[in-house]
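In what follows, a single structure is set out as structure tokens and then discussed.
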């Protein structure tokens, strides 16, 4: 059995020009973490990006056919890069889209053969963020990769997150949400603001140890949130084993609706459940949400999906008009491990 960790949320190098970038994330893991003294050390590198759908179109046919979205390159930074100049393209297979949010998102994984005992940074740079309330100039998505062995004799696996690209917040309401992180090694994971995260609203509060953000949505507009996830093998350590980025958009919108209760997840599985599935076996899951008031409809569910996952349409229950269901079907390949 292998682990599939997915989360669903809802609340009604090369410089790329124009405002079409919506955020992204990197993570990485050694192909054989428990095999010591490898040379080279094969690293599976995973990148995820979100773009304006009007710039990089995606629909279910695009996903089914493996069509790609995005443009640009990921480049290496540091004295130990060697021949790794700009080894990866940021054009990735589309995995998710939203008509209502004008968003396309995609994910891809590649193998990098790195020298042992090095530390490098891989960076995607751009100036294409959506028009923000502040900042929005040159941004960078950067991860730090280390091929040094850990104290337990294994190679390190970086933390990962399944955050959706856009977080929708209604003006005038207070919110607290968890940044979903996972670490295969069982390390302590902390979140911190990235050094270029100045566009976040000034009154947003972060609990870096718990990965919790709290915010009272006061001003309408868009902000880019830029976080770094760092893992520590021991609680007393002050230097992280790795650093992986998570960037997403917070959109505050105005609404005159009298309904003040947002949709809630009411599916059979607990929110944030980790579901074990077999490789090459079809898995079907149902995402069920209930809206807070009569007369309110649920038009879209934002998802962060692995490559190849097929999402169904959002269907309103005939027996309970407040309940909406969306199916998700996936056949995990061996490379998904």
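Residue numbers (mature numbering (1 follows the signal peptide of the UniProt record, and there is no 0)): -18 to -1, 1 to 319.
Heads up, the beta-carbon is just placed ideally off N, CA and C, and yes, glycines get one too.
All values derive from a computational prediction rather than experimental measurement.
Between residue 285 and residue 78, the gap from beta carbon to beta carbon is short of 8 Å. The Cβ atoms of residue 69 and residue 56 lie closer than 8 Å to each other. As computed with DSSP, residue 124 is found in a beta bridge with 105. When C-alpha distances from residue 3 are compared across 9, 16, 23 and 33, the shortest belongs to 33.
In the DSSP assignment, residue 283 falls outside any beta strand (DSSP E) and carries neither an H nor an E. The beta carbons of residue 122 and residue 142 sit no closer together than 8 Å.
Distance between residue 137 and residue 76, taken at the CA atoms: about 30 Å. Distance from residue 150 to residue 7 at the Cβ level is roughly 19 Å; contact not present, criterion being Cβ atoms closer than 8 Å. The C-beta distance from residue 230 to residue 207 rounds to 6 Å, short enough to meet the 8 Å contact threshold. Annotation: the continuous alpha helix (DSSP H) that includes residue 44 extends over 42 to 47. In this structure, the CA atom of residue 73 is about 14 Å from the CA atom of residue 107. Spanning the alpha carbons of residue 67 and residue 210 requires a straight line of approximately 23 Å. A residue is called buried when at least 16 other Cβ atoms come within 10 angstroms of its Cβ; residue 197 meets this threshold and is buried.
Per DSSP, the continuous beta strand (DSSP E) segment holding residue 88 begins and ends at 85 to 96. In chain order, 272 place their CB closer than 6 Å to the CB of residue 246, counting only its own chain and leaving out the 5 sequence neighbours on each side. Membership of residue 218 in any beta strand (DSSP E) is not indicated, and neither H nor E is assigned to it by DSSP. Taking a C-beta distance under 8 Å as the contact criterion, residue 22 and residue 95 qualify as a contact pair. In this structure, 312 is the residue among 296, 312 and 81 with its C-alpha nearest to the C-alpha of residue 265. Spanning the alpha carbons of residue 13 and residue 167 requires a straight line of approximately 14 Å. For residue 232, the closest of 309, 157 and 296 by C-alpha to C-alpha distance is 157. Each residue's CA atom was taken as its position, placing residue 146 and residue 159 some 12 Å apart.
Sixteen is the threshold: since fewer than 16 other Cβ atoms of the shown chains lie within 10 Å of the Cβ of residue 134, the residue is exposed. Counting only runs of 3 or more residues that sit fully inside the region 234 to 270, the beta strand (DSSP E) segments are 256 to 259, in chain order. Inclusion of residue 292 and residue 269 in the CB contact set at 8 Å is not warranted, their separation being larger than that value. The bridge partners DSSP lists for residue 304 come to none. A check of alpha carbon separations from residue 16 across 281, 129 and 65 identifies 129 as the nearest. Under DSSP, residue 158 shares a beta bridge with 196. For residue 32, the three-state secondary structure derived from DSSP is strand. The beta-bridge partner set that DSSP reports for residue 150 consists of 233. Contact between residue 281 and residue 294 does not hold, since their C-beta atoms are separated by about 14 Å, which reaches or exceeds 8 Å. Inter-residue distance for residue 90 and residue 30 is about 7 Å (C-alpha atoms, whole angstroms). The secondary-structure analysis by DSSP pairs residue 75 across a beta bridge with 50. Within the same chain, and ignoring the five residues on either side of residue 24 in sequence, the residues whose Cβ sits closer than 6 Å to its Cβ are 13, 93 and 95. Residue 173 is bridged by DSSP to 211. Burial check for residue 27: the Cβ neighbour count within 10 Å reaches 16 or more, so the residue is buried.
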